[in-house]
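Residue numbers (our numbering), protein chains in the order written: chain E, 1 to 114; chain Z, 1001 to 1114.
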């Protein structure tokens, strides 16, 4: 089956620093990837849709200047949390569309901002 | 826009007992339906999906789900629960449109007791 990886799996950073999270489709090409955010004991909320070669589409309430998304190739999308603050601490999950209506999720990245 | 309701926040069952997790969706056309499982601190694992055809779908780990259009439901079932099934279960809906994100329910936490 399709495999999606995320790196890092866990990151701790100081407030004010930036953190980059990578999402890779390992055995297929994904023109579209999605970034979700999950707070403890809550469901996944879509943050943005990442399209290869174009600007990401952000959901209402998500600051595009704070959550920078780059989809430079058909197998890689990155999410950069700029000037991270404690309230940005969360579980970030990406998914990739295989083009067959099936989405495969990465294992997630747990971000803790101190 | 589509939406998903999982009426049960938390369910506790005895090991060996049968399980049914409820999921209702709202969407104007035929949806794509998914069930995912998430263990604590882990990413999402796809249990099963419904796109078309047979309304009873078999998944991994002995799970099955039945799509009932008249009830707008896609309930997940397992005839005999194992302690390792304890996790959070998410129902999600997608659409026929390509490259669209999934909309998730709030999840149902399953506890299994001896």
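All residues carry an ideal CB built from backbone N, CA and C; glycine is no exception.
Quantities reported herein were computed from a predicted structural model and do not represent experimental measurements.
Select from the options the residue whose C-alpha is nearest the C-alpha of residue i.
i	options	result
residue 1005(Z)	1026(Z), 1041(Z) and 1068(Z)	1026(Z)
residue 38(E)	1113(Z), 1114(Z), 1107(Z) and 1111(Z)	1107(Z)
residue 44(E)	1008(Z), 1036(Z) and 1047(Z)	1036(Z)
residue 83(E)	12(E), 17(E) and 56(E)	17(E)
residue 89(E)	8(E), 7(E) and 12(E)	12(E)
residue 1044(Z)	50(E), 94(E), 58(E) and 49(E)	94(E)
residue 46(E)	54(E), 53(E) and 59(E)	59(E)
residue 1061(Z)	1002(Z), 1047(Z) and 1093(Z)	1047(Z)
residue 1104(Z)	1088(Z), 1069(Z) and 1112(Z)	1088(Z)
residue 42(E)	91(E), 21(E) and 27(E)	91(E)
residue 1079(Z)	1058(Z), 1039(Z) and 1028(Z)	1058(Z)
Under 9 angstroms between C-beta atoms, does residue i make it to chain E?
i	result
residue 1090(Z)	yes
residue 1042(Z)	yes
residue 1093(Z)	no
residue 1007(Z)	no
residue 1034(Z)	yes
Taking DSSP's pairing of strands, which residues face residue i in a bridge?
i	result
residue 1046(Z)	1036(Z)
residue 1066(Z)	1056(Z) and 1075(Z)
residue 10(E)	110(E)
residue 20(E)	80(E)
residue 1010(Z)	1109(Z)
Output yes if chain Z places a C-beta closer than 9 angstroms to the C-beta of residue i; else output no.
i	result
residue 53(E)	no
residue 37(E)	no
residue 49(E)	yes
residue 56(E)	no
residue 34(E)	yes
residue 43(E)	yes
residue 110(E)	yes
residue 93(E)	yes
residue 105(E)	yes
residue 102(E)	yes
residue 60(E)	no
residue 29(E)	no
Less than 8 angstroms between the CB atoms is what I'm expecting for residue i and residue j, so what's the real figure, rounded?
i	j	result
residue 1076(Z)	residue 1065(Z)	5 angstroms
residue 34(E)	residue 50(E)	7 angstroms
residue 48(E)	residue 96(E)	Actually they do not touch by this definition, with Cβ atoms about 14 angstroms apart.
residue 1081(Z)	residue 1015(Z)	6 angstroms
residue 1063(Z)	residue 1032(Z)	With a Cβ gap of about 17 angstroms, residue 1063(Z) and residue 1032(Z) do not count as contacting.
residue 114(E)	residue 81(E)	Not really, about 14 angstroms apart at Cβ, beyond 8 angstroms.
So which residues of chain B does residue i contact, with C-beta pairs closer than 7 angstroms?
i	result
residue 46(E)	Among the protein chains of the structure shown, namely E and Z, there is no chain B.
Which residues, in order along the region 1098-1113 of chain Z, keep a beta-carbon less than 9 angstroms from a beta-carbon of chain E?
Contact residues of the region 1098-1113 of chain Z toward chain E are 1098, 1099, 1100, 1101, 1102, 1103, 1104, 1105, 1106, 1107 and 1109 (C-beta to C-beta distance below 9 angstroms).
Contact list for the region 1041-1067 of chain Z against chain E, Cβ threshold 9 angstroms:
1041, 1042, 1043, 1044, 1045, 1046, 1049 and 1051
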